[in-house]
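Peer 1:
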Amino acid sequence: MPYNGVTFECGESIFEAMGDFYQKEVSLMQNEILFYVEESVDGGYEASAVNYSIYTQCEEYDELPDTLRDAVRCHFDEGQTPSLIRIHLVRNEVISV
């Protein structure tokens with residue numbers, strides 16, 4: 019019986035079935051790197067990778083993809099570079115009630 023996209027074998031527990039599902043998800047996530055990007059106080063954008071010591075900045079948002087690619091390629095050894103970069107743009111705003 020399928021549950022959340024996971025099919026159970028006869029006698030298999032939810033934990034056994036979900037373990038396989040999560041193992042596949044983790045292997046997909048290892049092929050990707052996530053950056054939090056914020057507008058800089060001084061203008062431009064600042065980006066920091068989650069779980070890696072990678073930080074970079076650029077003046078224009080259009081420059082961001084190339085800037086992130088360069089930073090990732092410099093950080094990882096050849097053949098170890100994640101194939102995907104995910105950008106999470108964080109914007110802090112304060113509004114009055």
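In the working numbering, the protein residues as written are 19 to 115.
Cβ atoms here follow ideal geometry from the backbone N, Cα and C, with glycine treated the same way.
These numbers were taken from a predicted model, which means no experiment stands behind them.
#1: Could you tell me the alpha carbon to alpha carbon distance between Ala67 and Ile113, rounded to whole angstroms?
#2: Comparing C-alpha positions only, which one of Arg109, Ile105, Thr74 and Asp80 sits nearest to Ile51?
#3: Does DSSP put Ser73 in a helix, in a strand, or in coil?
#4: Are Leu107 and Val55 close, meaning C-beta to C-beta below 9 Å?
#5: In chain order, what residues of the same chain lie with their CB nearer than 7 Å to the CB of Leu102, ignoring the 5 residues before and after it?
#6: Express the C-alpha separation of Gly61 and Tyr40 in angstroms, rounding to a whole number.
Peer 2: For this structure:
#1: Within the sequence shown, residue 67 is the residue found at index 49, counting from 1. Within the sequence shown, residue 113 is the residue found at index 95, counting from 1. The straight-line gap from Cα to Cα measures roughly 28 Å.
#2: On the sequence shown, position 33 is the one that residue 51 refers to. Comparing Cα positions, the closest option is Ile105.
#3: Stepping through the sequence shown from its first residue, residue 73 is reached at position 55. Note on identity: in this sequence residue 73 is Tyr, with Ser being the wrong assignment. Residue state, collapsed to three classes: strand.
#4: One-based indexing of the sequence shown puts residue 107 at position 89. One-based indexing of the sequence shown puts residue 55 at position 37. Contact: yes.
#5: To locate residue 102, count along the sequence shown from 1; it is residue 84. Asn49 and Glu50.
#6: Sequence index remark: in the sequence shown, residue 40 carries index 22 (1-based). Sequence index remark: in the sequence shown, residue 61 carries index 43 (1-based). Low confidence applies here, because Tyr40 scores a pLDDT of 49, under 50, leaving its location unreliable; read the following figure in that light. Computed Cα separation, rounded: 40 Å.
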